[in-house]
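Written below as C-alpha cells is the structure these notes are about.
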Amino acid sequence: MLPEPDPTVCQSLTADLRDAGYTAEALRDAWGAAADDAIARGLRSPASRALSDRGDALAVLGRLLVLGMPQPAAAVDRALVRTGASGLVRLGLAAAEGGAVRPLAVVRPQSYADATGSGQWWVASDLDEAALGGPLPEDHVLGVGGASLTLAGLQLPTPAATGLDIGAGCGIQALRARAHVGHVVATDISPRALAFTRLNALLNGVDGIEVRRGSLFEPVAGGTFDRIVSNPPFVITPRAVGVPAYEYRDGGMVGDDLVAAFVTGVGAHLAPGGVAQLLGNWETRDGRAGLERVREWVEASPVPLDAWVVERERLDPLSYAELWVRDGGTLPGTPGFARLVDAWLDDFGARGVSEIGFGYLLLRRPADGAPTLSRYEILHTAFAGDNLGAHLAAALVAHDRLAGLDDAGLAASVLTVAPDVTEARHHLPGAEDPTVIELRQGGGFGRALSVDPGLAALVGACDGDLPVGALADAIAELLGVDAAALRADLLPRVRELVFTGFLALA
Ligand SMILES: C[S@@+](CC[C@H](N)C(=O)[O-])C[C@H]1O[C@@H](n2cnc3c(N)ncnc32)[C@H](O)[C@@H]1O
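In case it helps, this note's numbering puts the sequence shown at residues 1 to 506.
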C-alpha cells in the first residue's frame, strides 16, 4: 500500500524532476524513438542499452522511474537534489536496499496538448510490464495508456463546476478534467489507485480533486455532476477458474454488463445539462448489433438522455481474445495462451457473440428534460485528431442551435464552410463533369463524404454572405431544377454538415 503522500516531499520531487529536464521528449531523445516505442510494448532493454553508462540526472531517472531498474543511492541523491532517495522511499515509490534504490512504481512524464495549450504531467503508477519483465498482478494500477489518452482528448474543454471520474486509476482523467472543471470527485474500487491519484495530483500541483472509494456510483449516491468521465474496466472477461481478473480492466461482470450498467445508471448522476463521456465495449449477440444494444441501454435509463455513440473498431471473438490475453502478459507460444483464448471463445459462444465493438459514448441529460440527440454511428476509419474534445463541444452547440431551427429558419441562416474542409473531384478520363465529388474534413473525425453537384455548389458558396435558402434557389436556377424540391433535398444534408463541422452557423 502506498503511504499517504507528503505534500512537501511531492513538491520537492516536482522541483527536482523539472530541474532534471525530466520530460517525455527529453527521454525519447535520450534513448531514441524506436526504443521509446519498444517500452510501450513491454521491452525495456533497447532503452537501457541506448543510455549505456550515462550517469546524468535524466539517465538515472529514466532508468529508475520509467524502466524500473535499481540505481545506486548516491546517483539518485545527485539526480534528485531536494528529494533524495529517502524522499522516494517516504512516498512509497522506491525501497532502499543496501547502497541501491529499487523502484516500487514508475513515474512517467506525459506531455499533453489541447486547444487551450500544452503542458507536462508526471504520472506515478504501478511498475508496468517493461519494468516487471512479465505478467502484471491482478491489482495492478495502470499508468497512462492509449485508451487513457483517447478519453483525455475527448473531454469537453468547456468550463463546468463539478466533475466525477469513475475508475480513476492513476488519476489521469481527473487531472485532465481539472483544467476545465472546478471540483472533481475521483472514485475507484482500488485504494492503491486512489493513493496514486492523490500522489499525482500533488506531484502536478493540481488541487480540487477529492478521492472516494467504491464501485461505480456507490461513492456518489444521491449526487449529481456537470461532467462525468470514465475509462471503465470494460474489457469483457470470462468468469472462469484460472482466468486472471485484472482490476484495472475488468469490472467483474459478465460480458458487457458493466458498460450497460454504467450507461443506464449514469443519467441519475448528471445535473441538468450535464455530460458523461466514457469508453466501452459492446457485444453483437445472436445477430443483434452492438450499437443497437447500446441504444437499448440508453433507452432503459430512468433519466432520458441525449446520446452520441461512435463505434471506432470491431473485432471478431478470436482477435478480441488474443488481444486481451496478450495484454495481460501471456504471450502466444507460452503454455497458458491457448487455454485462455479457449476460455474467451467459450464465454463468447455461450452468449452467441459474433463481434465486439469498441468506441466512445457521450451522454447528456438535456437541460429541459427532453432528448433531441440520438446518434449511433460507425466510424472505423483512421483519423489524425487526438484532441476531439473541442470538436465534440462544437457539435453539441451546433446540434442545439439546429434543434431550434425549422427548415425556414435554417434557410434564413448564413453559413460558412470550415477552414479544414477540402473538395476533391474525380473525372472519368476525358469527361468534363466529375463522376465523384468528395468533401473531406482535416480535423474532427476526419470525415469524408461523396456529394452531388447541388450540395457541392452550396458548400462552395457558403462564405458567410448569403443565407442558405437564397444560395439553394440560385443553384436550382443554374442546374435547371425545381427550387422547392432542391431546398427540401439539401436542407437535411446541410443539417448533417453543420453538426459534423463541415459548415458553421454564422
Ligand atoms: C481502465 S482503468 C482506467 C484508469 C484511468 N482512469 C485511465 O483513464 O487510464 C479502470 C479503473 O477502474 C477501476 N475499477 C474497476 N472496477 C471498478 C468498479 N466496479 N467501480 C469503480 N472503479 C472500478 C480499476 O481499479 C481501474 O483503476
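Just so you know, even glycine gets a beta-carbon here, dropped at the ideal spot from N, CA and C.
Can you tell me which of the options puts its alpha carbon nearest to the alpha carbon of residue i?
i           : options            : result
residue 381 : 320, 319, 359      : 359
residue 138 : 164, 244, 38       : 244
residue 134 : 431, 327, 218      : 327
residue 220 : 17, 454, 185       : 185
residue 62  : 105, 288, 87       : 105
residue 404 : 424, 391, 416, 371 : 371
residue 158 : 438, 2, 275        : 275
residue 287 : 129, 332, 281, 351 : 351
residue 171 : 155, 148, 154      : 148
residue 140 : 2, 317, 348, 482   : 2
residue 448 : 495, 500, 457      : 500
residue 521 : 311, 384, 228      : Outside the shown range of the chain, which is 1 to 506, sits residue 521, and nothing can be said about it.
residue 507 : 431, 445, 18, 259  : Lying before the first or after the last residue shown, residue 507 is absent from the chain, which here runs from 1 to 506.
residue 424 : 50, 108, 453, 330  : 453
residue 373 : 247, 495, 430, 506 : 495
residue 239 : 251, 229, 228      : 251
residue 8   : 467, 235, 87, 394  : 87
residue 265 : 173, 363, 487      : 363
residue 365 : 308, 337, 151, 349 : 308
residue 402 : 504, 443, 314, 476 : 504
residue 28  : 12, 14, 51, 17     : 51
residue 355 : 311, 119, 489      : 311
residue 112 : 175, 205, 70, 296  : 175
residue 120 : 338, 279, 200      : 200
residue 329 : 136, 35, 445       : 136
residue 166 : 107, 233, 300      : 233
residue 314 : 299, 298, 280      : 280
residue 160 : 152, 183, 153, 142 : 183
residue 155 : 26, 445, 387       : 387
residue 13  : 44, 26, 379, 122   : 122
Going by DSSP, name the residue or residues bridged to residue i.
i           : result
residue 463 : 416
residue 440 : 422, 448
residue 140 : In DSSP, residue 140 forms no bridge with anything.
residue 453 : Residue 453 is not bridged to any residue.
residue 103 : 94
residue 355 : 284
residue 297 : Paired residues: none, contrary to the question.
residue 113 : 118
residue 308 : 362, 375
residue 427 : Residue 427 pairs with nothing; no bridge assigned.
residue 212 : 187
residue 230 : 166, 278
residue 503 : 417
Here's the rule: buried if 16 or more other CB atoms are within 10 angstroms of the residue's CB, otherwise exposed. What is residue i?
i           : result
residue 478 : exposed
residue 263 : buried
residue 450 : exposed
residue 169 : buried
residue 283 : buried
residue 79  : buried
residue 334 : exposed
residue 267 : buried
residue 226 : buried
residue 187 : buried
residue 125 : buried
residue 89  : buried
residue 84  : buried
residue 319 : exposed
residue 492 : exposed
residue 331 : exposed
residue 269 : buried
residue 427 : exposed
residue 37  : exposed
residue 97  : exposed
residue 214 : exposed
residue 301 : buried
residue 247 : buried
If residue i sits next to residue j, beta carbons under 8 Å apart, how far is it from one beta carbon to the other, in whole angstroms?
i           : j           : result
residue 367 : residue 272 : 5 Å
residue 144 : residue 163 : Rounded, the Cβ-Cβ distance is 18 Å, inconsistent with contact.
residue 67  : residue 47  : 6 Å
residue 464 : residue 416 : 4 Å
residue 235 : residue 249 : 4 Å
residue 103 : residue 93  : 7 Å
residue 57  : residue 100 : Not really, about 17 Å apart at Cβ, beyond 8 Å.
residue 5   : residue 142 : Not a contact, Cβ separation roughly 19 Å.
Looking at ligand 3, does it come within less than 7 Å of residue i, judged from the CB to the closest heavy atom?
i           : result
residue 187 : The model on display carries ligand 1 but not ligand 3.
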